[in-house]
Every structure is written in C-alpha cells, then in structure tokens.
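A.B. asks: I am attaching a structure below and will ask some questions about it afterwards.
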Amino acid sequence: MTNNPIAPPRKKKNKTKKPPSFSSIPDDVIVNILARISKSHYRSLCLVSKSFYSLLSSPDIYFVRSLIGNTEARLYVRLWVRTPSSGHRHRWFTLGYRQGQLTLVLVRALSSSYSPDRLNSTTVAVHSEIYQIGGSNENKPTRAVRVLDCRSHTWRSAPDMKVARKHAMSYFLDEKIYVIGGCKKTKEKMSWGEVFDLKTQTWKPLPKPPSNDNYVDGAVFGGRLYVFTINNEKYAYDPTEESWVQEAGFEGLEGITGPWCIMGSLIFAEYHRMYVGYDASNGKWLMVHGLDEVHTKRTKNSRTIQLVNHGGKLVIIWDVWHMCPREHKSIWCAVISLEERLTQSVEYESHSSETEALAEMTTNPIARPRKKIKKMKKPPSFSSIPDDVIVNILARISKSHYRALSLVSKHLNSLLSSPDIYFARSLIGNTDARLYMCLWLPTPSSSHRDRWFNLSYRLGHLTLVPARRALSSSYSPDRLNSTTVAVHSEIYQMGGSNGDKRTRAVRVLDCRSHTWRRAPDMKMARKHARSYFLDEKIYVIGGCTQREETMTWGEVFDLKTQTWKPLPKPPSDDDVNSYHNGVVFEGRLYFFTTKKNKKNYAYDPKEGRWVQEAGFVGLEGMTGPWCVIGSVIFAEHGGIFKWYDPRNGKWLEVHGLNEVHTKRAKSSRTIQLVNHGGKLVIIWDAWHMRQREHKSVWCAVISFEKRLFPSSYMRGRVEECRVFLGLAHKSYKLSSCLSVLV
23 MTNNPIAPPR KKKNKTKKPP SFSSIPDDVI VNILARISKS HYRSLCLVSK SFYSLLSSPD
83 IYFVRSLIGN TEARLYVRLW VRTPSSGHRH RWFTLGYRQG QLTLVLVRAL SSSYSPDRLN
143 STTVAVHSEI YQIGGSNENK PTRAVRVLDC RSHTWRSAPD MKVARKHAMS YFLDEKIYVI
203 GGCKKTKEKM SWGEVFDLKT QTWKPLPKPP SNDNYVDGAV FGGRLYVFTI NNEKYAYDPT
263 EESWVQEAGF EGLEGITGPW CIMGSLIFAE YHRMYVGYDA SNGKWLMVHG LDEVHTKRTK
323 NSRTIQLVNH GGKLVIIWDV WHMCPREHKS IWCAVISLEE RLTQSVEYES HSSETEALAE
383 MTTNPIARPR KKIKKMKKPP SFSSIPDDVI VNILARISKS HYRALSLVSK HLNSLLSSPD
443 IYFARSLIGN TDARLYMCLW LPTPSSSHRD RWFNLSYRLG HLTLVPARRA LSSSYSPDRL
503 NSTTVAVHSE IYQMGGSNGD KRTRAVRVLD CRSHTWRRAP DMKMARKHAR SYFLDEKIYV
563 IGGCTQREET MTWGEVFDLK TQTWKPLPKP PSDDDVNSYH NGVVFEGRLY FFTTKKNKKN
623 YAYDPKEGRW VQEAGFVGLE GMTGPWCVIG SVIFAEHGGI FKWYDPRNGK WLEVHGLNEV
683 HTKRAKSSRT IQLVNHGGKL VIIWDAWHMR QREHKSVWCA VISFEKRLFP SSYMRGRVEE
743 CRVFLGLAHK SYKLSSCLSV LV
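The numbering of the sequence shown is the numbering used here, which starts it at 23 and goes up by one.
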C-alpha cells in the first residue's frame with residue numbers, strides 16, 4: 023500500500039508546560055483502562071506509583087475484567103512436595119506471563135484458612151475458579167469441596183458432595199460439574215456419579231451407564247460427556263436428554279493409557295514416546311511434527327505427567343530423574359502452538375515451542391509477602407507516564423471506548439487521534455471487527471444518496487444502532503450499483519454509475535480515520551460488478567457490456583504494485599451474466615453458472631488459470647445471499663438458514679435459531695449474510711406494520727458450535743436480534759455490509 027495519503031499531516035504542537043494532574047482522571051476510568059491490559063504487565067505497572075498499585079490490587083479491576091470479557095488463560099500447578107518436617111503438603115503455584123511471554127518459573131505459593139491439604143482429590147477449572155473435590159484425610163475419603171478464586175488467590179467452601187470420594191474424575195460441561203467414581207463398590211449403586219449445578223449450588227446423582235465394566239477415563243467433546251471402559255466400550259451422556267447412549271465413535275483410543283487433552287475437535291496424547299493427534303471424524307492418529315526440541319531435551323527415563331489445553335496451545339509437562347543426586351527429579355514444561363496442514367494426508371505441525379525446566383523438587387523459591395502500602399495523599403503527575411507507555415495501554419482497549427476516553431483530557435484526545443495508536447494496534451494484533459453499512463436513502467430533495475454507518479460495540483455488546491453521522495469527505499463517492507470489498511482496515515468502492523454512465527473510478531475508505539482517498543482507476547468502466555479479496559489482490563468480475571466482455575471480462579488489482587491487470591475468462595461459452603455467484607474458499611476463487619449444465623470453475627492465484635471444479639454439488643439452488651465462515655458456507659433456503667458441508671455436498675439446517683424465525687414476518691426478505699469475526703450476521707427487512715410505504719430493517723448476530731457426534735450438527739446461539747433501522751422508505755437499498763478490522 024504505497025503512496026496512500028490517509029490524512030494531511032498535523033501541525034507540530036508545542037508541548038504543554040503544565041500537563042494535567044493525574045488526579046483529574048477518575049479512578050473508574052483508570053480501572054477501565056487497566057482492566058484491558060494483559061495481567062502480565064501488572065507487576066511492572068505497580069512500580070509506577072502507589073496509586074497504581076492500590077488500583078491494581080483492588081477487587082474492582084477483576085470485576086471489570088470479567089464484565090468486558092478480557093480474561094487470560096493462566097496455568098496453575100499443584101505439587102505434592104516434601105516439607106522440612108519430613109511430611110508432604112500440597113503447594114499451589116502459577117506459571118505466569120512476563121513481558122508478553124509465558125515464563126515458566128515458580129511464583130508465590132497460595133495460602134488461606136480454607137486451603138485444603140488432601141491427597142487423591144480431583145480438580146476442575148470453572149471459569150476463573152478451581153474446584154478441588156473429595157480426596158483423603160488420613161486415608162479416609164471425604165465429601166468436602168473447596169474453591170480457589172484465581173483472581174484474589176483465596177479459598178472458600180462449597181456444598182459438600184453426597185458421597186465421600188477419592189481418586190475420582192471430574193469434568194465441566196454446560197455450567198455443571200460432573201464427578202464420577204472414587205467411591206466404594208458398596209456405595210456405587212447409590213451414587214456412581216454426581217452433578218453439581220453452579221446456578222442452584224446443589225448436588226444431584228448421575229446415573230451409571232448400562233455396563234458393569236470399570237471406567238478408566240472420560241472426556242468432554244462436542245457438548246457431550248464421554249466415558250471409556252476397560253474393555254473399550256464408549257458411552258456418551260447428553261445433558262439435554264439426561265441419558266447415556268453407547269457410542270460407536272472414537273475408534274483407536276484403546277492403545278492410549280497415559281494423559282491426554284482435547285483442543286477443539288482433536289485429542290492429543292503420547293503414544294510410544296511420540297506425540298500424536300486424534301481426529302474423531304475419521305478415527306485416525308496423526309503425527310505431530312516439529313517437536314525436535316522437545317524430543318531432544320527428553321531423556322530415556324522421562325515420564326509425561328500432564329497434557330493441557332492452555333488457551334489453544336498444547337502444554338506438555340514431564341519429569342526426569344536428576345543426574346545428581348539420584349533421589350531427585352527435574353520437572354520440564356513445553357508450550358506448543360499448532361497449525362493444521364491440509365495436504366494429501368492431514369498433518370499437525372508445531373508452529374513454535376518454548377521448552378524450559380520449571381522446577382526441581384528440592385527447591386521452592388517463594389517470594390516474601392510485601393508490606394501493606396498506605397495510600398498516597400498526592401497522586402503523581404500525569405506527565406510521569408511516558409506517551410509511548412500510554413499509547414501501548416490505549417492500543418489494547420477496544421476502539422468502542424475511544425469516544426468516551428477522548429473526553430478525559432486534551433492530551434488523551436491527542437493520543438487517541440494520532441496515527442501511532444493504530445500502528446501500535448496493528449503491531450500487537452489487537453484489531454476489532456466492525457460492521458460497516460452503506461445505505462442508499464432518500465434525501466429531502468426527493469433524490470437518493472449513499473450514507474455510510476457503522477454498527478459499533480458499546481459496553482461490551484454489539485449495539486445495532488446507526489452511527490450518529492454518515493462518513494463524508496471531498497473524495498466521498500455517491501455512485502449507485504458499485505461493488506465494495508473489505509481489505510484489512512479499508513473498504514474499496516469500485517465502479518458504479520453516475521447517472522446512466524458506468525465509471526472506472528475507485529475510492530478507498532480508511533475505517534480508522536473515516537476519510538476517503540483515491541486509488542488507481544480500473545481499465546474498464548463497470549457497474550453491477552462483483553469483487554473478491556484473495557492473497558493481497560482484489561478481483562473484480564463482470565459489470566461491463568457484452569461487447570466489452572472479450573476485451574476484459576475481469577480485472578485484478580495488486581495492492582503492492584498498485585496496478586490493474588486483466589483476468590482471463592473461464593473456458594466456457596456462457597456469457598458474463600450467467601455467473602450468478604462466487605466465493606473465496608480455501609485459497610481459491612470459485613464461480614458458479616446458472617445454466618442447466620451447472621458448471622463450477624475455480625481460479626488458483628498461484629497457477630494463474632481457471633479449472634473446471636467438480637465439487638460444491640448442490641449449490642446451484644442457492645440464488646440468494648450467502649457467506650463463508652471457516653470451511654462452512656451459510657445460506658437461506660426456503661426461509662430456513664442452512665449450512666453447506668463441502669465434504670459430502672449436503673445442505674443441513676442450522677438449529678437454535680428459534681428467536682430469529684419468530685421475529686421474522688412472512689414478508690421478510692433476507693438482504694445480506696456477513697462473516698463478522700467468525701459470527702454470522704443476518705440482515706433482513708420487512709414491511710412496516712402501520713406505514714405500508716416503509717420498511718423495518720433487522721439484524722441478528724449468531725455464534726456457532728459444531729457437533730460431530732452422532733452426525734454432523736450445527737447449533738447457533740442468538741446473541742443479538744433486533745431492529746436497527748425502524749423506519750426506512752420502501753425505495754431504500756442496502757448497498758454494502760462489510761466486516762472490517764480496525
């Protein structure tokens with residue numbers, strides 16, 4: 023993107039002699055800022071001032087972090103270690119982030135009057151808490167349940183179980199804790215398992231599966247609880263049906279006896295000292311490549327203790343006998359990020375790894391507690407914090423809060439409007455998905471004009487209300503029938519018509535500064551064209567007359583060279599208007615014809631040519647809007663929203679959208695489907711109940727979960743469903759709706 027004048031340079035401002043006092047910013051504003059920063063920076067920020075330290079150690083900051091959903095994955099480790107009195111005790115540690123990286127060093131042990139010290143208990147993570155259930159006190163099983171709050175590092179009691187248990191297994195599913203086994207055989211009929219409801223804070227019995235075998239392991243997968251017997255029988259418990267069914271899936275798990283963990287739809291385990299991933303859809307074990315550093319640092323007498331899903335990364339913990347003395351062990355930890363490569367055979371390759379020895383069992387360096395610091399009477403000046411530190415803090419906050427923060431002071435407003443803040447946001451990858459709409463609306467002079475709006479997040483929720491003012495500039499285009507495409511943080515508007523004449527003009531909207539600029543014109547004037555973004559290039563197809571079609575059916579704009587080049591037409595006798603829809607899917611551009619032969623063509627940018635594609639069977643019936651999320655295509659068919667599985671060419675219904683179907687009237691018309699940060703945005707309009715010359719425009723935001731057992735099943739969760747434009751004239755038109763990263 024060279025030579026892109028986004029905004030004229032600002033005049034150099036003289037530094038203010040007297041910066042505003044730090045006390046001019048209310049504490050609740052500072053807490054809201056600090057709550058949006060990674061917790062790994064809190065230790066350094068505590069050193070800025072005593073006032074900062076007081077705010078960072080208050081309960082308010084954790085309440086705000088939970089409220090805005092800015093939580094981080096932290097690793098907690100419980101070790102049964104020897105004490106100076108030759109006995110053993112449980113010690114809790116956390117492996118925390120420092121300077122943006124996971125530093126695997128022991129930190130202060132956690133203690134409280136409620137801290138349990140029970141061997142053979144079972145633990146399970148529930149949001150920001152750890153439940154420690156059962157265990158043994160002097161070889162006697164117990165019913166006790168204690169909860170560790172990982173925000174304040176304090177313990178509290180929870181309702182006891184109905185049956186005393188030790189060596190039990192525990193799982194968390196749908197806001198309930200499932201505890202299985204760990205009791206005597208005489209009590210097994212009474213309560214083989216128990217379920218703790220977090221809402222009602224009560225325990226209820228869990229029925230036993232229809233088998234007399236012993237159960238050796240279990241897993242939560244696809245919204246169901248699976249248990250496995252010693253004779254390789256598998257049973258699945260569905261919380262909605264509250265019943266066990268024998269499951270035929272998970273073939274090939276019988277050889278795995280050590281620790282495992284689940285990440286997404288994959289199971290990772292150690293098999294013959296190699297780490298493998300299990301694909302539940304085909305029952306195959308696949309090798310994890312790229313772990314040479316891990317295998318090099320593991321000796322022959324190493325033993326894998328635990329595999330953990332740590333925020334989408336695989337954590338491997340193992341121990342090894344110490345070289346000298348031989349009565350001690352060293353404990354190692356490796357953090358692995360993974361990528362899935364779809365080649366002839368699927369492989370899972372580690373993208374990066376960190377491997378360190380995290381402890382030796384003989385040394386427990388625990389820092390002494392700091393003395394209680396009294397509150398400072400005079401807060402430090404705001405100028406004591408460097409601008410680059412403030413910019414880095416503000417860059418980690420959602421852009422929806424910038425309008426409120428700009429009112430705090432002129433200095434803060436200056437930093438929020440500077441290009442540095444957007445550079446820092448891009449550098450750390452903290453971009454927000456924002457919805458931008460272009461509406462063709464009537465004006466008081468009885469004509470029509472393009473109006474741009476954005477649907478922004480407020481107080482952590484997507485508030486579907488038009489922005490206060492449409493975006494305007496001297497370069498702002500006002501052309502009907504143009505085509506638009508989102509490119510990173512910008513929107514390209516190409517072609518269209520001025521009056522009855524097609525145009526070659528291209529304009530670019532910078533969604534960070536809300537300003538328009540010019541871009542190189544296309545080679546051919548177009549209207550009603552279609553545009554797609556793939557591999558840093560913009561593809562514009564159609565929109566020209568049939569006479570001009572032979573000259574340039576399509577064009578490709580290279581963002582690096584800022585030049586347009588012709589795009590060849592697929593090898594078909596069909597005219598340009600017969601290609602009714604296209605989609606970018608898995609690195610290729612697909613186009614589908616409306617003729618009876620139902621030809622599908624794919625364009626590979628690497629090869630630079632079109633090939634006839636046999637896939638995507640069943641897409642010919644879809645003539646309305648659709649969108650792609652991941653490897654799934656969503657569309658509406660017969661008033662029902664469906665998803666398309668390219669593997670088997672079938673359209674399947676999306677469940678869980680009762681609220682959407684209830685609020686849609688018979689006269690509803692789906693206008694747009696948009697992939698908004700992995701969520702499906704559905705936009706439709708309906709005739710107004712009282713004013714028949716007007717329409718209401720609705721929007722629904724849907725998040726998804728995919729269940730692979732017992733069959734392909736997609737369930738959506740309606741996050742928002744409301745009117746965002748209550749009274750639109752019947753002649754209005756939704757020109758564009760795009761999800762942009764800013």
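Heads up, the beta-carbon is just placed ideally off N, CA and C, and yes, glycines get one too.
1. I'd like to know if the region 415 to 429 and the region 52 to 59 are in contact, where contact means that at least 3 CB-CB pairs between them fall below 8 angstroms.
2. Could you check if S758 is buried or exposed, using at least 16 other CB atoms within 10 Å of its CB as the buried criterion?
3. Residues in its own chain within less than 7 angstroms of L288 by CB, not counting five upstream and five downstream?
4. How would you write the range of the alpha helix (DSSP H) that A426 sits in, first residue to last?
5. Kindly indicate which residue of F555, F614, M546 has the alpha-carbon position closest to the one of Y514.
6. Could you tell me which of T144, M544, V605, W709 sits nearest to P668, measuring between CA atoms?
7. Straight-line CA distance for K523 to D500?
8. With the cut-off set at 8 angstroms, would you say L89 and I83 are in Cβ contact?
9. Could you tell me which uninterrupted beta strand (DSSP E) segments, each at least 3 residues in length, are contained entirely in the region 259 to 345, listed from first to last along the chain?
10. Helix, strand or coil for L69, going by three-state DSSP, please let me know.
11. Any idea if I252 is buried or exposed, counting beta-carbon neighbours within 10 angstroms, 16 or more meaning buried?
12. Taking DSSP as the reference, what is the three-state secondary structure of Y193?
13. Helix, strand or coil for H175 per DSSP?
14. On a CA-only basis, which of K221, Y625, P163 is nearest K206? Give me that one, please.
15. For L760 versus Y458, is the C-beta distance shorter than 8 angstroms?
16. In terms of alpha-carbon separation, which member of E263, P261, Q268 lies closest to E255?
17. Near D171, what residues of its chain come up, given a Cβ to Cβ distance below 8 angstroms and the 5 sequence neighbours on each side ignored?
18. So does the region 403 to 423 actually touch the region 442 to 452, counting three or more Cβ pairs closer than 8 angstroms?
19. Is it the case that the Cβ atoms of P647 and L702 are separated by a distance below 8 angstroms?
20. Determine whether the beta carbon atoms of G215 and L195 lie at a separation below 8 angstroms.
21. Between F74 and P48, what straight-line distance do the alpha-carbon atoms span, to the nearest angstrom?
22. From which residue to which residue does the alpha helix (DSSP H) around N414 run?
23. In angstroms with no decimal places, state the Cα-to-Cα distance between H332 and K184.
24. Under the assumption that L784 contacts I693 (Cβ atoms under 8 angstroms), give the Cβ distance between them as a whole number of angstroms.
25. Count the other C-beta atoms from every protein chain shown that fall within 10 angstroms of the C-beta of T385, then say buried if there are 16 or more, exposed otherwise.
26. I need the boundaries of the alpha helix (DSSP H) containing I90, first residue and last residue.
27. Should L69 go down as buried or exposed, given a rule of 16 or more other Cβ atoms within 10 Å for buried?
28. Taking all protein chains shown into account, decide if M23 is buried (16 or more other Cβ within 10 angstroms of its Cβ) or exposed.
29. Among residues of its own chain, excluding the 5 on either side of S512, which ones have a beta-carbon nearer than 7 angstroms to its beta-carbon?
30. Sort E558, T116, L329, D543 by Cα distance to G518 and report the nearest one.
31. Could you say which of H683, S174, G244 lies nearest to M285 if we only look at CA atoms?
32. Where does H683 fall in DSSP's three states?
33. Taking S753 as the reference, which of C743, I724, V764, K717 has the closest Cα?
34. I'd like the list of long-range same chain contacts for L747, defined as Cβ closer than 6 angstroms, with 5 residues on each side in sequence excluded.
35. Measuring CA to CA, which of H63, C355, K672 is closest to L313?
36. Under 8 angstroms, do R456 and V764 count as touching if we go by C-beta distance?
C.D. replies: Reading it off the structure:
1. yes
2. buried
3. G299, Y300, D301
4. 424 to 427
5. F555
6. V605
7. 13 angstroms
8. no
9. 265 to 268, 282 to 285, 288 to 293, 296 to 301, 306 to 311, 325 to 332, 335 to 343
10. coil
11. exposed
12. strand
13. coil
14. P163
15. yes
16. Q268
17. S150, E151, W177, R178
18. yes
19. no
20. no
21. 12 angstroms
22. 409 to 416
23. 32 angstroms
24. Outside the displayed span of the chain (23 to 764) sits residue 784, for which this structure offers no information.
25. In this predicted model, T385 has a pLDDT of only 30, less than 50, meaning its place in the structure is not dependable; the value taken from the coordinates is given anyway. T385 should be labelled exposed.
26. 81 to 90
27. exposed
28. Unreliable placement is indicated for M23, whose pLDDT of 41 sits below 50; no coordinate value is reported for it.
29. A small fix is needed here, since residue 512 is Glu in this sequence, not Ser. V530, L531, D532, C533.
30. D543
31. G244
32. helix
33. K717
34. V719
35. C355
36. yes
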